[in-house]
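Engineer: Using my numbering, the letters of the sequence shown correspond one by one to residues 66 to 447.
The beta-carbon is built from N, C-alpha and C at its ideal position, and this holds for glycine as well.
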Amino acid sequence: MKYTNLWGLGLRFLWITIKFVVMKAIETILSAFNLEGKVESVGPLGSGLINDTYLVKTIGKTPDYVLQRINHAVFKDVEGMQSNIEAVTSHIRGKLASENVMDMERRALRFVLTREGGKSYFFDGVNYWRVSLFIPDAETLQEVTPVTARYAGEAFGHFQKMLSDIDGELTESIPDFHNMEFRIRQLRDAVEKDAVGRLGEVGGLLDAIWEREESMCRFEMLHREGLLPKRICHCDTKVNNMLFDRDGKVICVIDLDTVMPSFVFSDYGDFLRTGACTSSEDEPDLDKVGFDMEIFKAFTEGYLSEAKDFLSPMEIELLPDSVALFPYMQAVRFLTDYINGDTYYKISYPAHNLVRTRAQMRLLECIESEMETIRTFIVDLH
66 MKYTNLWGLG LRFLWITIKF VVMKAIETIL SAFNLEGKVE SVGPLGSGLI
116 NDTYLVKTIG KTPDYVLQRI NHAVFKDVEG MQSNIEAVTS HIRGKLASEN
166 VMDMERRALR FVLTREGGKS YFFDGVNYWR VSLFIPDAET LQEVTPVTAR
216 YAGEAFGHFQ KMLSDIDGEL TESIPDFHNM EFRIRQLRDA VEKDAVGRLG
266 EVGGLLDAIW EREESMCRFE MLHREGLLPK RICHCDTKVN NMLFDRDGKV
316 ICVIDLDTVM PSFVFSDYGD FLRTGACTSS EDEPDLDKVG FDMEIFKAFT
366 EGYLSEAKDF LSPMEIELLP DSVALFPYMQ AVRFLTDYIN GDTYYKISYP
416 AHNLVRTRAQ MRLLECIESE METIRTFIVD LH
């Protein structure tokens, strides 16, 4: 018992020491930013998979803050990404000011600048950090219902509309992120190398992908011909990338790391890939994989209520095709990783990426079976 108590005390002392060291490091990072007030506490916030996020509480009536460690293994051009975010948030705040919006601090993210250099991020020699104002009395939602899907459509459509006249060029924070031609080239390279000898298992999937390749890659071709514009898009349109107030109304769009030039389909089609799918994206039972038309209709109604005034005829014409594009693109990415030996996506078992590929292809088939209804619905709305 005596040794057990000593062991327990030792572990507790080690934990306290680690916590103290981490807190001291965070205090040093926070001191690089122009914060108001005195820090009272710092604790983890949210469950994001990319960046480490902390809630910084201050004493008294001064604002609380959100501190994030930027994952520069994913976002390699931190300066370009932050420049995008600054341009977007500044433009949105200008739009809100012109509309005499009273609660601007809740309707647009605001980042705190560093004491030296006035930048929106700080490099400590190893990691990149940023600080934004915490928006109180707000929450994120996880469940996609027809109600939240319509809110999401309105929010992301409005987001695109506010940025449709932004000045200046933005960079691609993840180059070729939604470039279908690029994803096909990656797949062809993987097939040619067959690094771990898996080609024999995936012949049928490859046939299904190749037979759709030309139609799925025409978006980039139309862009080169000057027929399809690229606009500023969020590029990660999930229902939990919005903040809601206590009355269930959308306050603002968050998680702006992926904001960059892209086709509007990056926001429209990719939301429906996850939001309207009736299963997880790695569902092994393909009978459970389907496409929820009620979610599709609600999101599309919300999106077009905001976006139809600035979308070109070509963009509206291609909206139905973009619903099919994104499960196809994700299937290509999963299959590429499987053939390469699972070097990109985290897996829980050896065939995980293969299961993911099959689920995305089944989702694509379900969407294709509903395509006439999808087209008719969009035409009638517009």
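For the putative contact between C300 and D332, defined by C-beta atoms under 8 Å, what is the C-beta separation to the nearest angstrom?
Structural biologist: Within the sequence shown, the letter at position 235 stands for residue 300. Within the sequence shown, the letter at position 267 stands for residue 332. At roughly 7 Å, the Cβ-Cβ gap stays under 8 Å, so C300 and D332 are in contact.
Engineer: Checking 8 Å against the spacing of the C-beta atoms, do L446 and M379 come in under that value?
Structural biologist: As a working mapping, residue 446 is identified with position 381 in the sequence shown. As a working mapping, residue 379 is identified with position 314 in the sequence shown. Taking 8 Å as the Cβ cut-off, L446 and M379 do not qualify as a contacting pair.
Engineer: Counting along the chain, where does the beta strand (DSSP E) carrying C298 start and finish?
Structural biologist: As a first step, residue 298 must be located in the sequence shown, where it is residue number 233. Run containing C298: R296 to C298, per the beta strand (DSSP E) assignment.
Engineer: What does a CB cutoff of less than 6 Å around L358 pick up in its chain, not counting 5 residues either side in sequence?
Structural biologist: The sequence position of residue 358 within the sequence shown is 293, counting from 1. Here the sequence assigns Met to residue 358, which means Leu is not the residue at that position. Hits under 6 Å: none found.
Engineer: Can you have a look at I81 and say buried or exposed, based on whether 16 or more other CB atoms are within 10 angstroms of its CB?
Structural biologist: To locate residue 81, count along the sequence shown from 1; it is residue 16. Any reading at I81 needs caution, since the residue's pLDDT is 46, under 50, leaving its predicted position unreliable; the model's value is listed next. The residue is exposed, with fewer than 16 neighbouring Cβ atoms inside 10 Å.
Engineer: Mind checking which residues open and close the beta strand (DSSP E) that includes T118?
Structural biologist: Residue 118 sits at position 53 when you count from the first residue of the sequence shown. Counting along the chain, the beta strand (DSSP E) containing T118 begins and ends at D117 to T123.
Engineer: Report the option in F309, S197, L174 and L369 whose CA atom is closest to the CA atom of K226.
Structural biologist: Position 161 of the sequence shown, counting from 1, holds the residue named residue 226. Among F309, S197, L174 and L369, the Cα nearest to that of K226 belongs to L369.
Engineer: Return the CA-CA distance between R289 and K295, expressed in angstroms with no decimal places.
Structural biologist: Translated into positions along the sequence shown, residue 289 becomes position 224. Translated into positions along the sequence shown, residue 295 becomes position 230. Using only the alpha carbons, I get a separation of about 11 Å.
Engineer: Beta carbon of L308, beta carbon of A203: below 8 Å?
Structural biologist: Against the sequence shown, residue 308 aligns to sequence position 243. Against the sequence shown, residue 203 aligns to sequence position 138. Yes. Within cutoff.
Engineer: Taking the straight line between their C-alpha atoms, what separation do you get for T118 and S197?
Structural biologist: Translated into the one-based positions of the sequence shown, residue 118 becomes position 53. Translated into the one-based positions of the sequence shown, residue 197 becomes position 132. In a straight line, the C-alpha of T118 is about 11 Å away from that of S197.
Engineer: Pull up the DSSP beta-bridge partners for S327, would you.
Structural biologist: Position 262 of the sequence shown, counted from the start, is the residue given in the question as residue 327. S327 pairs with R296.
Engineer: Can you say whether S327 is buried or exposed, counting buried as having 16 or more other CB atoms within 10 angstroms of its CB?
Structural biologist: For the purposes of this step, residue 327 is taken as the residue at position 262 of the sequence shown. Per the 10 Å Cβ criterion, buried.
Engineer: Mind checking D272: buried by the 16 CB within 10 Å criterion, or exposed?
Structural biologist: Reading the sequence shown from its first residue, position 207 is the one you call residue 272. Counting Cβ neighbours within 10 Å, D272 comes out exposed, since fewer than 16 surround it.
Engineer: How big is the Cα-Cα spacing for K314 and H223?
Structural biologist: Mapped onto the sequence shown, residue 314 falls at position 249. Mapped onto the sequence shown, residue 223 falls at position 158. Cα to Cα, K314 sits roughly 14 Å from H223.
Engineer: Using DSSP bridges, identify the partner residues of Q133.
Structural biologist: Taking the first residue of the sequence shown as 1, we reach residue 133 at position 68. Bridge partners of Q133: T118 and R195.
Engineer: Pick helix, strand or coil for V86, following the three-state DSSP scheme.
Structural biologist: Translated into positions along the sequence shown, residue 86 becomes position 21. With a pLDDT of 45 at V86, under the threshold of 50, the modelled position of that residue is not reliable, and no figure is offered here.
Engineer: Can you tell me the Cβ-Cβ gap for F187 and F98, rounded? I've got them flagged as a contact below 8 Å.
Structural biologist: On the sequence shown, position 122 is the one that residue 187 refers to. On the sequence shown, position 33 is the one that residue 98 refers to. Indeed, because the Cβ distance is near 7 Å, the residues count as touching under 8 Å.
Engineer: May I have the straight-line CA-CA distance separating V143 from G218, to the nearest angstrom?
Structural biologist: Walking along the sequence shown from the start, residue 143 turns up at place 78. Walking along the sequence shown from the start, residue 218 turns up at place 153. The alpha-carbon atoms of V143 and G218 are separated by roughly 29 Å.
Engineer: Is the CB-CB distance between V397 and L252 below 8 Å?
Structural biologist: Here residue 397 corresponds to residue number 332 of the sequence shown, with the count starting at 1. Here residue 252 corresponds to residue number 187 of the sequence shown, with the count starting at 1. Yes, the Cβ-Cβ distance between V397 and L252 is below 8 Å.
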